[in-house]
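Notes for the one structure printed next.
Shown next as structure tokens:
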């Protein structure tokens, strides 16, 4: 994740706000699929973490798991179906920024995942991995949130302004 990622997302946001980009129905469908997938994953992961009762840095653990699972779904299910049809689309540019950011999370999520298994004695280690990820990646979290907000605005037409 680089400053260029922030710049790419900001440029698409400006296009949307100036109405230089008016999302097509296909772009809205793809964006809605991503937003819906994120909502469902957050509920599913949150319920699972509740059942475990593990003393993890919950927000970070949940975010890491959700973003990595969503990244995998986008790469394996959504993009193969949509990339060619939406070639050159600002929505795809946003999704590419999202994926670039999510890839940075992979090492943290991979380190955290086995430690979150019920009964695992590595919960202290998981706690520190989560805090390290949260501390080092604040800008990345902000960019992921911005991309999701821009996708939401593109899908709903609500720019918040």
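Residue numbers (this note's numbering): 130 to 290.
C-beta: ideal position from N, C-alpha, C; glycine also.
Item                                                                                                                                               : Value
Near residue 275, which residues of its chain fall below 6 Å by C-beta distance, leaving aside the five closest residues on each side in sequence? : 138
If we count the other Cβ atoms within 10 Å of its Cβ and call it buried at 16 or more, is residue 223 buried or exposed?                           : buried
With residue 273 as the anchor, note down where its alpha helix (DSSP H) starts and where it stops.                                                : 267-285
Taking the alpha carbon of residue 160 as the point to measure from, which residue in 211, 272, 266, 171 has its own alpha carbon closest?         : 211
Pop quiz: residue 280 and residue 197 are said to be a contact at Cβ under 8 Å. What is the actual Cβ separation, rounded to whole angstroms?      : Actually they do not touch by this definition, with Cβ atoms about 18 Å apart.
Going by DSSP, what residue range makes up the alpha helix (DSSP H) through residue 208?                                                           : 208-211
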